[in-house]
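In my numbering, each residue carries its 1-based index in the first sequence increased by 4.
Working notes for the structure below.
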Amino acid sequence: MDILADLNPAQKQAAETINGPVLILAGPGSGKTRVITHRIAYLIRVCGVSPHHIIAVTFTNKAAREMESRLARLTGTSLRDLTLGTFHSVCARILRRDGAVMGISPRFVIYDDSDQIGLIKQALKDIGLDAKQYAPRAISSAIGAAKSQSVGPADYLGRSRSYFEEVVGRVYERYEQLLGESSALDFDDLLMKTVRLFREHPAILGRYQARFQHLLVDEFQDTNLVQYELVRQLGARHRNICVVGDPDQSIYSWRSADLRNILNFEKDFPEAKVVLLEQNYRSTKNILETAANLIAANQQRKDKGLWTDNEAGELVKLVEAYTEQEEAQFVVREIEQLVENDTANLGECAVLYRTNAQSRILEEVFVRYGTPYKLVAGTRFYERREVKDIIAYLRLIQNPQDSVSLLRVINLPGRGIGQQTLAKLFDLSQLYSLSQFEVLLRISKLQESDDPPFYPHIARALVGFAELMQELIAASQEMGVVELLDLVVERTAYRDFLLSQPDGEDRWENVLELRTVAQQYHDLIPPEGLAAFLEGVTLVADVDSLDETASGVTLITLHQAKGLEFPVVFIVGMEEGILPHIKSFDDPAQMEEERRLCYVGITRAKRLVYLVRTFRRSLMGSSNVNQPSRFLADIPRHLISGGEKPRSKESAAAVYSWNRSAPPDATPSGNGDPAPDVKAGSRVRHAAFGDGVVVSCQAVDDDAEVVVAFRGAGVKKLLLSFARLERVE
DNA sequence: CGAAAGGCTCTTTTT
DNA sequence: GAGCCTTTCG
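Shown next as structure tokens:
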């Protein structure tokens, strides 16, 4: 069988050019994943390359899993030896194996974002600065940016140019110390330390170079400088490096992704073959043209010749809702209609939004209507308190030096160990240069001295905790992760503690869900299972858990939607301040990234795109009137439908053309005096809600907001120009 | 020491 | 609206 038989010429070239560097520039829907999988299959099946010699790096674990299952089908051989994963997980594996020469404990734990923030606060405190004055988030992202360029604290301080950078440098210094004392690495460390390991230990690098004869990197436009450096290191010997990306889909510059990587690739590898994938197999002509017009408004880009053989399809639908409630209602009702008409089923529809906060109202309305949905990252599972608590216990078992975890669980459930005691414990650990846990192990001895540091009952609590942990550590050597988890919730009394809380039942469910995750690591030999489990739960992306086979509408951020496709896509919140986000207003480069984000959203769709905007939206408590997104103006009129009569009678008030030049029944006055013929007490009739009485009337811009108590439908707030109220006498 | 209540600041996007 | 921090009281 010819593995490459069903690829088009460009795809085929991309897949079979296996010697030397290759840069694949792949537009959306151009069969990029197909090319990568076929290329690997070709290497294995046709060229006889062992999977052992291949490494493929993806952006998410989900992408890696998908690639693996496609490959399994394509090759029919075992892929156990294939190295496949995210940069972070690949690096974690390398460091666990070979990090010791850099003083990295093989038992290191990985600190996630919130651990990192906590540690930065600690560092600020340690150097006598106020966490309120220096936003830990800002410092964390500055440190992250430094690490993404392999800049350590000393270098950073050396080149600091402002007072803020000076502060960051000093925090960075202390932060690194704290990480070291805890035997912990943050996300960026995984990459940076691996690069440094390779730089400082050529023999180790040599081993990996010898092994990885073929490298593939997906989503190359979203790699940062350190990741690129890693690619160059690993590929230096064989130079069989294949990178795949699309500059127009670069949406992670805030995470230090650097488009220069794509631009420099051809410089660093002058012999590189460049392959363009320009045929789109995903979307209708109208959708593709809409996207092309939108992205063409960006100045900093090279134009591509994207085209498709697909049919023209329907026009992109523009919809205006009055409030975010109605926006959500419109989406749900429209989806129900699509399902009823057999246009699509639930699983084929996705709702995309700019910020996670927007998902809440959508979720509420989906629940209210009883429409099944899949929310990618609600309150993200691994960030839930009870889940983090259990993970902290497990991390502490794996690595008792981990002070962030120790701090989290030492008094959970309450053991009478409070602030004072902890402060003393930390002082002692500083004084004796021991980890807090090591101090705990020596409490009894300390208490025998002339000046015992703790009251006897406190000392007893501390010793009790230390003994409990030792018991769990011993147990971890011989039992699987699931049993260990069970033992933890049992022996620490965490289960009882949780169930005694008001919402304990639900939260206990989450612990059980974590336990289900642990079952996947069950057949690993005891200590390795724990390490693998902890790594697995730390390096997950939310989108990893998205189950595409389950039915239900997908609710997802635009960022997470990258790499996915759906027959029907709703993009909600098409408003100035949301998309583009307000934070991008004063920076043209960021504004272009917002446009790319919108481009990514539209190009997810196969058949139908709805762009939905809301007139009045509540944000952080207060309510604002939002202007339509400037991106809507980038789309030519002939590709847009909107302003025609609403599809369903019910959503008459919610659905509206975004460019309502002449609202049909509006009689706004704009001088604070609402429409003359409707005032509080007026009897009115609404197409969907029926008869009611106006409760209040308030001028908003050049329109009026009326609150109406309907006989059947309850109290609604409506915009006079949209609601098409009729007076009833 | 710890629970409860009140006040404060924010939120972009995530491996 | 929500989480985080501080304050207050038992």
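Glycine included, every Cβ here is placed at the ideal spot set by N, Cα and C.
Computed from a predicted structure; not experimentally measured.
For residue i, collect the residues of the same chain with a Cβ closer than 8 Å to its Cβ; drop the 5 residues on either side in sequence, then sort them by chain order.
{"i": "residue 462", "result": "420, 421, 425"}
{"i": "residue 256", "result": "226, 563"}
{"i": "residue 173", "result": "157, 160, 161, 164"}
{"i": "residue 296", "result": "310"}
{"i": "residue 512", "result": "390, 499, 502, 503"}
{"i": "residue 399", "result": "113, 406, 409, 538"}
{"i": "residue 526", "result": "484, 485, 486, 533"}
{"i": "residue 601", "result": "255, 358, 562, 563, 583"}
{"i": "residue 643", "result": "290, 293, 294, 297, 319, 320"}
{"i": "residue 208", "result": "102, 105, 201, 202"}
{"i": "residue 412", "result": "392, 393, 396"}
Near residue i, which residues of its chain fall below 7 Å by C-beta distance, leaving aside the five closest residues on each side in sequence?
{"i": "residue 25", "result": "243, 245, 273, 275, 276"}
{"i": "residue 138", "result": "128, 171"}
{"i": "residue 20", "result": "8, 46"}
{"i": "residue 523", "result": "486"}
{"i": "residue 732", "result": "687, 688, 689, 695"}
Since residue i and residue j should fall inside the 8 Å C-beta cutoff, what is the C-beta to C-beta distance between them, to a whole number of angstroms?
{"i": "residue 480", "j": "residue 404", "result": "About 11 Å; that fails the 8 Å criterion."}
{"i": "residue 194", "j": "residue 99", "result": "7 Å"}
{"i": "residue 608", "j": "residue 554", "result": "The pair is not a contact, with the Cβ atoms about 18 Å apart (cut-off 8 Å)."}
{"i": "residue 247", "j": "residue 224", "result": "4 Å"}
{"i": "residue 557", "j": "residue 375", "result": "7 Å"}
{"i": "residue 61", "j": "residue 221", "result": "5 Å"}
{"i": "residue 460", "j": "residue 428", "result": "Between residue 428 and residue 460 the Cβ distance is about 14 Å, and since that is not below 8 Å, they are no contact."}
{"i": "residue 571", "j": "residue 348", "result": "5 Å"}
{"i": "residue 85", "j": "residue 54", "result": "7 Å"}
Compare the Cα-Cα distances from residue i to each of the options and report the closest residue.
{"i": "residue 397", "options": "361, 537, 308, 377", "result": "537"}
{"i": "residue 468", "options": "415, 486, 436, 511", "result": "415"}
{"i": "residue 587", "options": "578, 598, 249", "result": "598"}
{"i": "residue 146", "options": "308, 300, 258", "result": "258"}
{"i": "residue 58", "options": "417, 41, 319", "result": "41"}
{"i": "residue 730", "options": "694, 699, 701", "result": "694"}
{"i": "residue 180", "options": "196, 166, 168", "result": "196"}
{"i": "residue 495", "options": "508, 482, 505, 477", "result": "477"}
{"i": "residue 621", "options": "327, 293, 233", "result": "327"}
{"i": "residue 31", "options": "208, 49, 126, 252", "result": "252"}
{"i": "residue 514", "options": "637, 387, 594", "result": "387"}
{"i": "residue 68", "options": "701, 548, 711, 626", "result": "548"}
{"i": "residue 594", "options": "178, 637, 435, 303", "result": "303"}
{"i": "residue 307", "options": "250, 345, 350", "result": "250"}
{"i": "residue 541", "options": "385, 33, 186", "result": "385"}
Tell me which same chain residues have a C-beta within less than 6 Å of the C-beta of residue i, skipping the five on either side of it?
{"i": "residue 325", "result": "331, 334, 618, 658"}
{"i": "residue 559", "result": "355, 363, 366, 377, 379"}
{"i": "residue 115", "result": "188, 190"}
{"i": "residue 153", "result": "229"}
{"i": "residue 451", "result": "463"}
{"i": "residue 664", "result": "Legend: pLDDT at residue 664 = 31, less than 50; position of this residue unreliable, no value from coordinates given."}
{"i": "residue 96", "result": "194, 539"}
{"i": "residue 655", "result": "Annotation note: pLDDT 39 at residue 655 (below 50); position unreliable, no value reported."}
{"i": "residue 575", "result": "356, 605, 615"}
Is the separation between the beta-carbon of residue i and that of residue j shorter than 8 Å?
{"i": "residue 183", "j": "residue 128", "result": "no"}
{"i": "residue 283", "j": "residue 240", "result": "no"}
{"i": "residue 394", "j": "residue 489", "result": "yes"}
{"i": "residue 228", "j": "residue 260", "result": "yes"}
{"i": "residue 231", "j": "residue 91", "result": "yes"}
{"i": "residue 38", "j": "residue 17", "result": "no"}
{"i": "residue 94", "j": "residue 131", "result": "no"}
{"i": "residue 578", "j": "residue 615", "result": "yes"}
{"i": "residue 271", "j": "residue 645", "result": "no"}
{"i": "residue 550", "j": "residue 36", "result": "no"}
{"i": "residue 292", "j": "residue 639", "result": "no"}
{"i": "residue 29", "j": "residue 281", "result": "yes"}
{"i": "residue 581", "j": "residue 630", "result": "yes"}
{"i": "residue 11", "j": "residue 106", "result": "no"}
{"i": "residue 81", "j": "residue 545", "result": "no"}
{"i": "residue 371", "j": "residue 27", "result": "no"}
{"i": "residue 148", "j": "residue 192", "result": "yes"}
{"i": "residue 72", "j": "residue 83", "result": "yes"}
So does residue i have its beta carbon nearer than 7 Å to some heavy atom of the ligand PLP?
{"i": "residue 134", "result": "Of the ligands one can find in the structure shown there are none, so the ligand PLP has no counterpart to examine."}
Taking three-plus beta-carbon pairs below 8 Å as touching, is the region 70-83 in contact with the region 283-291? Between the region 70-83 and the region 283-291 there are fewer than three C-beta pairs closer than 8 Å, too few to call the two in contact.
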